[in-house]
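Enquirer:
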Amino acid sequence: MESHKYPKAIYEGRWIFMGLGMAWLLALILFPLLALPIGLLIIFSCYFFRDPERVVPEDPTLIVSPADGTVTSIEEVDGVEGDLYLTARMRRISIFLSVFDVHVNRSPMEGELIHSEPRGGLYLDARKPESSLLNESRLWIIQGESFTIGVKQITGAIARRIVPWAHVGDHLQKGERFGMIRFGSRTELYLPLDLEIHVVIGSKVYGGSTVMATSKRPE
Numbered sequence: 000m001e002s003h004k005y006p007k008a009i010y011e012g013r014w015i016f017m018g019l020g021m022a023w024l025l026a027l028i029l030f031p032l033l034a035l036p037i038g039l040l041i042i043f044s045c046y047f048f049r050d051p052e053r054v055v056p057e058d059p060t061l062i063v064s065p066a067d068g069t070v071t072s073i074e075e076v077d078g079v080e081g082d083l084y085l086t087a088r089m090r091r092i093s094i095f096l097s098v099f100d101v102h103v104n105r106s107p108m109e110g111e112l113i114h115s116e117p118r119g120g121l122y123l124d125a126r127k128p129e130s131s132l133l134n135e136s137r138l139w140i141i142q143g144e145s146f147t148i149g150v151k152q153i154t155g156a157i158a159r160r161i162v163p164w165a166h167v168g169d170h171l172q173k174g175e176r177f178g179m180i181r182f183g184s185r186t187e188l189y190l191p192l193d194l195e196i197h198v199v200i201g202s203k204v205y206g207g208s209t210v211m212a213t214s215k216r217p218e
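Mapping the sequence shown onto numbering that gives the first Met the number 0, position 167 (from 1) lands on 166, and the numbers just tick up by one.
Structure follows, in structure tokens:
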């Protein structure tokens, strides 16, 4: 199931494309030697803002990845610090997004978006564990029929802009785009402890398609 309610990533790069395009035209006329490197930057920008379609598993018991990247940690935590919705002990799966990964975030399951909260902070390397608490972030809470999950977007040393597309009250389909983080980052998935996890540290995951966990109860 796929939705296009929210803009695709390519739209977020429109000003970059326009600026580089104008620079390329000027270089082509005035400084031909610069046209090639600028052209390569345009190609890389198109690659960075790519947003491929994904085959989303329809089975309602399957929870999918909220992001593309590599699983860096799987641990039990006492909810999310400072959050009133996720206070019980949960399992946190951290995903590191390199600059070469797709940077669009997708809903891991179908449900209502009941909370979206931006938090200010630092811009530490997103691979550092302390970035979860100290870096600028945005927490999303999605409520399904039987349980609630959280997705946390975290900025990094290079990625310094979180772009939200969804709004509180929206009903998200599984795999639906709800935002992105520009230029590499970290995404965390918070799940109830009774879900069976299907990934390990080092697993390569893809937003909207990789199965992260299985629930014995409906979403």
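All residues carry an ideal CB built from backbone N, CA and C; glycine is no exception.
#1: Measuring only the C-alpha atoms, how far is E1 from A34?
#2: How would you call L25, buried or exposed, if buried means at least 16 neighbouring beta carbons within 10 angstroms?
#3: From P117, S93 and S131, pick the residue whose C-alpha is nearest to that of L123; which is it?
#4: What are the start and end residues of each continuous beta strand (DSSP E) run of 3 or more residues lying completely inside the region 147-188, in chain order?
#5: Could you work out which residue in S72, R91, S136 and V54 is closest to G206 when comparing CA atoms only?
#6: DSSP beta-bridge partners for W139?
#7: Is the distance from the Cβ of R90 to the Cβ of I196 below 8 Å?
#8: Is it right to say D193 is buried, meaning 16 or more other beta carbons lie within 10 angstroms of its own, or is it exposed?
#9: With contact counted as at least three CB pairs below 8 Å, one residue from each stretch, are the region 70-86 and the region 18-32 in contact?
#10: Alpha carbons only, please: which of Y189, R126 and S145 is nearest the one belonging to I157?
Expert: So, to answer that:
#1: Summary for E1: the model assigns pLDDT 43, below 50, so the residue's position carries little reliability, and this model does not support an answer.
#2: Residue environment: L25 is assigned as exposed (fewer than 16 neighbouring CB atoms within 10 Å of its CB, all protein chains considered).
#3: Comparing C-alpha distances from L123 to each of P117, S93 and S131 shows the shortest one belongs to S131.
#4: Whole beta strand (DSSP E) segments, 3+ residues: 147-153, 160-163 and 176-181.
#5: Here the closest residue by C-alpha is V54.
#6: Partner(s): S115 and V150.
#7: Their beta carbons are under 8 Å apart, which means R90 touches I196 by this criterion.
#8: Exposed, because fewer than 16 other Cβ atoms sit within 10 Å of the Cβ of D193.
#9: No: the two stretches stay apart, fewer than three of their Cβ pairs being nearer than 8 Å.
#10: It is R126 whose Cα lies nearest to the Cα of I157.
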